[in-house]
Structure formats: C-alpha cells, structure tokens
Ligand SMILES: Cc1ncc(COP(=O)(O)O)c(C=O)c1O
C-alpha cells in the first residue's frame, strides 16, 4: 500500500458548509446528553457530532470536514481507518473474535514483533483492553517483582481513573478523578521538573535537576517506610500539557532508582508507539525502564493495550495472572500488529522526526511574535503551546485557551486543548503542508483573542 493513501481525501480541507457545530450536531448532542452525563470539557465547549474519519480528516454530521490535530485523543495516530489496520480487524471479526487466553496465529506474530522492536530485553508481555487496566497490572507487577508495596509518582501526571492508577495522579481535591477522600495508602507524589516553571534553579536561572533528585532521595528516606516498589512516571506529561523534562532528568532518576533498588515504571500509554519519533519516548534519553505500558496508538483506535517487563522479571508475572475477558483477543492482536507494521513500512518514525522539527521551528516563530505565547513544548508530534497573560509573571491564561480552542475548531481544526496549554497530537502520517495549515488556524485564532483582549 502507498504511504500516500490518505492524501487524496485531504485535498479539499477544510470544508465548512455551515458554521460548526452545525444544526444537526447540536440536536444530536442535545439528545445524547439528556442521558449521557459527565462529558469532558472539550465536548461541552464544542458540541460537534462526528460522522466519519479518514486519514487526517474528520467529517461531522452537517458535512463539515476538518483537519485532525487530535488523533481521537492521541489514539488514531496512523490516521483514521488506516486500510491495512481496518482490514486486519475485519478479517478476525469474521473469523474468530474471542478465545480467552489461548494462543492464536496473530497473537504469536504480535509477540514476536513486539519483542523485536522493544529495547533492553523488554519482552515479557501481557495484553489488556484499556490503558488504565494495563497501569493497574503494572502496579501489581511492580509489587510481584520487588516484593515491596509503596509507589512514588509525580504532580500533574495522569495514569487513569481506577483506584491504584488514580492514586498515582492528581485527584483534584477528591472531586473528579477519584471521588474519594484520599489516595490509596502507600502512594506518594513528588514534584517533577517543568523547565518553564521550575521549583529549583541553578545560579544561571536554568532548572536544577540535581535538586529534584536530591529531594526524591530525601523523600525516600524520610517520607516512606523504605518499601518503595517503583517510581511511576509518564516519560512526558501528556494530559498535563506536553511537558518535557530536562535532558538529564531520566538518566539521573534511573541512577537514583538503581541506588535504592526501586523499579522505574514508564507509562507510555500516551507518548509511546512513535508519537515522539521513537517507539518509547524514554529512548530519547537512552534509558530503559523496568516496566512499560502502551495504549492509545498501540491499536490505532482498536482497544488494545500492553504491559511489558524485562525478560529477567517475566516469571513474576505468573503471580499476577494475565487473564482478562478481552485482552489479546484476535481482533486486538491484529490491530496492534498491523499498527506496528504500518509504522515500519511507512517509515513513520522518520516522518515524525522531520515534520516534528518543522512544527517546533514554526512554533518558535509564533512564540516570538505573540505576547500571550509563554512557552512552546514538543518532540515529534507531541506538542504544546502554553498561553499566559504576561510573559514575565507567566500567569496561566485559561480563558484564552478556551477561546482559541473554539475559534480554531470553527475554522476547521478538530483538536483537544484543555486549559491554558494548547495540546496538539496530529496523526503521525501528516506532512508539512497540513502541519502548516493547522498551525495557521491556531495562529489566526490566537491573533483574534489577543486583539479582543487588548494585546
Ligand atoms: C499516560 C496515561 N496512562 C494511562 C491512561 C489511561 O488510559 P485509558 O483511558 O485507555 O484507560 C492515559 C489516558 O489518557 C494516559 O494518558
């Protein structure tokens, strides 16, 4: 199959036949939300109803056709309905949908393929059907491997919404994610370095990674009972706003973990499988984790996720039973296998690196020219633009975030910001032409908001 499969369909975008969200979208959204409650803020802010997607485009029920800068929610990373992946799922949907934990030919191939692409003997694998369940399995695996039971995670990381996964994440004062009074016992959080908003700096004003590591070391000694099984971290804070750590953070954290015999669990559900130009985002810093989880892009839209540990720890997984009703079903294995093959066949990692550089150059220029762009963040296709009221005080500009989101959507950009950091996760097949088109829409929206607010 040609790697240009998506291009013809994208030639006419954006197509706006009515101001979105159009009349059909509004009615369908209203009917749905009579019953469906707790919708995410992006949906409430822009109640559009989608009809179909192909490649880098999405079309709503009113006939508006958008450029996709979201990949669902970091999920359909190889484009909507990639023909090879859709056909692979359809083949098994007609042949064998579910056969519990038994081996199937497609599972055999997926296992071999995963072992061939993952670094450092990360080849003891379990399969699940959502990211959160894979995270829960990773927590159990860390306990089984280490015989210890405490966990340290980081402020503003996100790992899911079940009890252990939410205990590793921000709880919004017990209101939304956990709806409980406290996190589970033995789960602690520490600040992680954000180069734009550092807690500790060196004499030259740049972020002081050593100070963070020294604090963690102190915390392990003073704040835990000395039974820390793992550090649980996203390689890049995705939901938190595409926040990348300083270059020396993960190498130094790994050394700290090794000194204290603590496992490093790298949650790549959002950042992994090519989004940053590497199979694992952590590979940018030459660090191999002890445990890793994949989701979202792993099946390009089909619900399939994975939890992987090093070969030497594979036996410990016997203690946490891999069995689940849907994990590793033939359709799921087919979607994951086809997705990995597409990344290889279409040279996706190289495209992500090249177009990723284009994104960053263009965003750097935008930052120079716009008073409300405080910072830009990114590697590959995991990108963010941080909006502030004032570049000196760095006060977050939440209202601008909402307005830019709505305005750019109205121009034909389907995307996902939440809050003052504009998050972008375009499909990894995208070329510079469409990268530029999307950034044009965002820049126009930013200019309009600046004008309306007297900048
Ligand atoms: C880093 C990370 N881990 C875990 C999850 C949970 O995945 P899921 O929504 O598939 O349960 C997410 C979801 O956004 C995520 O970003």
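Residue numbers (the numbering used here): 2 to 456.
Note that CB positions come from ideal geometry on N, CA and C, so glycine has one too.
Original post:
Which residues are close to ligand 1, meaning CB closer than 6 angstroms to any heavy atom, in chain order?
Top reply: 131, 132, 133, 136, 159, 160, 161, 235, 239, 240, 268, 270, 271, 296
**OP:** Check the DSSP bridge columns for residue 378 and list the partner residues they point to.
**Re:** Residue 378 sits at position 377 when you count from the first residue of the chain shown. Looking at the DSSP assignment, residue 378 forms a beta bridge with 385.
Original post:
What's the C-alpha gap between residue 353 and residue 265?
Top reply: Taking the chain shown and counting its residues from 1, the one referred to as residue 353 is at position 352. Taking the chain shown and counting its residues from 1, the one referred to as residue 265 is at position 264. Using only the alpha carbons, I get a separation of about 26 angstroms.
Original post:
Can you tell me whether DSSP reads residue 104 as helix, strand or coil?
Top reply: Within the chain shown, the letter at position 103 stands for residue 104. Looking at residue 104 - three-state DSSP - the assignment turns out to be coil, as it is neither helix nor strand.
Subject >> Start-to-end residues for the beta strand (DSSP E) that takes in residue 152 >> reply: Working through the chain shown from its first residue, we reach residue 152 at position 151. That run of the beta strand (DSSP E) goes 151–155.
Subject >> Interface flag, residue 338 vs chain B, CB-CB below 7 angstroms >> reply: Although the question refers to chain B, the structure presented lacks it and comprises just one protein chain.
**OP:** Below 6 angstroms CB to CB, which residues in the same chain sit around residue 445 once its five sequence neighbours on both sides are set aside?
**Re:** As a working note, residue 445 is residue 444 in the chain shown. Closer than 6 angstroms at the Cβ level, and outside the excluded window around residue 445, lies no residue.
Original post:
Of all the options 188, 49, 214, 120, which has the alpha carbon lying nearest to the alpha carbon of residue 200?
Top reply: The residue you call residue 200 lines up with position 199 of the chain shown. For the residues 188, 49, 214, 120, the minimum Cα distance to residue 200 belongs to 214.
**OP:** May I ask which residues mark the beginning and end of the beta strand (DSSP E) holding residue 293?
**Re:** Working through the chain shown from its first residue, we reach residue 293 at position 292. Segment 292–295, the beta strand (DSSP E) holding residue 293.
Original post:
Quick check: the stretch 302–313 against the stretch 323–340, are there 3 or more CB pairs under 8 angstroms?
Top reply: yes
Subject >> Alpha carbon of residue 403 to alpha carbon of residue 387, nearest angstrom >> reply: Here residue 403 refers to the residue found at position 402 when the chain shown is read from its first residue. Here residue 387 refers to the residue found at position 386 when the chain shown is read from its first residue. Their backbone Cα atoms lie some 12 angstroms apart in a straight line.
**OP:** Name the two residues that bound the continuous beta strand (DSSP E) containing residue 221.
**Re:** Taking the chain shown and counting its residues from 1, one reaches residue 221 at position 220. Unbroken run through residue 221 is the alpha helix (DSSP H), 210–224; no beta strand (DSSP E).
Original post:
Between the beta-carbon of residue 243 and the beta-carbon of residue 411, is there less than 7 angstroms?
Top reply: Residue 243 sits at position 242 when you count from the first residue of the chain shown. Residue 411 sits at position 410 when you count from the first residue of the chain shown. No, they are not a contact pair.
**OP:** Consult DSSP for residue 285 and reduce its assignment to one of helix, strand or coil.
**Re:** Stepping through the chain shown from its first residue, residue 285 is reached at position 284. Of the three classes helix, strand and coil, the one that applies to residue 285 here is helix, per DSSP.
Subject >> residue 246 beta carbon less than 7 angstroms from that of residue 192 >> reply: Indexing the chain shown from 1 puts residue 192 at position 191. Indexing the chain shown from 1 puts residue 246 at position 245. Taking 7 angstroms as the Cβ cut-off, residue 192 and residue 246 do not qualify as a contacting pair.
Original post:
Does the Cβ of residue 144 have 16 or more other Cβ atoms within 10 Å, making it buried, or fewer, making it exposed?
Top reply: Here residue 144 is taken as the residue at index 143 of the chain shown, counted from 1. Flag for residue 144 reads buried.
Original post:
Nearest-angstrom Cα distance between residue 89 and residue 369?
Top reply: Counted from its first residue, the chain shown places residue 89 at position 88. Counted from its first residue, the chain shown places residue 369 at position 368. Spanning the two alpha carbons is a distance of roughly 46 angstroms.
Subject >> Collapsed DSSP secondary structure at residue 436 in the structure displayed >> reply: Indexing the chain shown from 1 puts residue 436 at position 435. If DSSP states are grouped into helix, strand and coil, residue 436 belongs with the helices.
**OP:** Find out if the Cβ-Cβ distance for the pair residue 442, residue 419 is shorter than 7 angstroms.
**Re:** Position 441 of the chain shown, counted from the start, is the residue given in the question as residue 442. Position 418 of the chain shown, counted from the start, is the residue given in the question as residue 419. Contact: no.
Original post:
From the DSSP output, which residues share a beta bridge with residue 158?
Top reply: Here residue 158 refers to the residue found at position 157 when the chain shown is read from its first residue. Its beta-bridge partners do not exist; DSSP assigns none.
Original post:
What did DSSP end up calling residue 277 once you bin it into helix, strand or coil?
Top reply: Residue mapping note: residue 277 aligns to position 276 of the chain shown, counting from 1. Residue 277: coil per DSSP, three-state reduction.
Subject >> DSSP beta-bridge partners of residue 1 >> reply: One cannot answer for residue 1 here, as it falls past the ends of the chain, which runs 2 to 456.
Original post:
From residue 372 to residue 391, what distance separates their C-alpha atoms?
Top reply: The residue labelled residue 372 in the question sits at position 371 within the chain shown. The residue labelled residue 391 in the question sits at position 390 within the chain shown. Looking at the two C-alpha atoms, the distance is approximately 7 angstroms.
**OP:** Output the distance between the C-alpha atoms of residue 103 and residue 54, rounded to the nearest integer angstrom.
**Re:** In the chain shown, counting from the first residue as 1, residue 103 sits at position 102. In the chain shown, counting from the first residue as 1, residue 54 sits at position 53. Approximately 33 angstroms, taken between the alpha carbons.
**OP:** Could I get the ranges of all uninterrupted beta strand (DSSP E) runs contained in the stretch 33–61, with 3 residues as the minimum, in chain order?
**Re:** 51–55, 58–61
Original post:
I think residue 230 touches residue 151, with their Cβ atoms under 8 angstroms apart; what is that distance to the nearest whole Å?
Top reply: Counting from one through the chain shown, the residue named residue 230 turns up at place 229. Counting from one through the chain shown, the residue named residue 151 turns up at place 150. Rounded, the Cβ-Cβ distance is 6 angstroms, consistent with contact.
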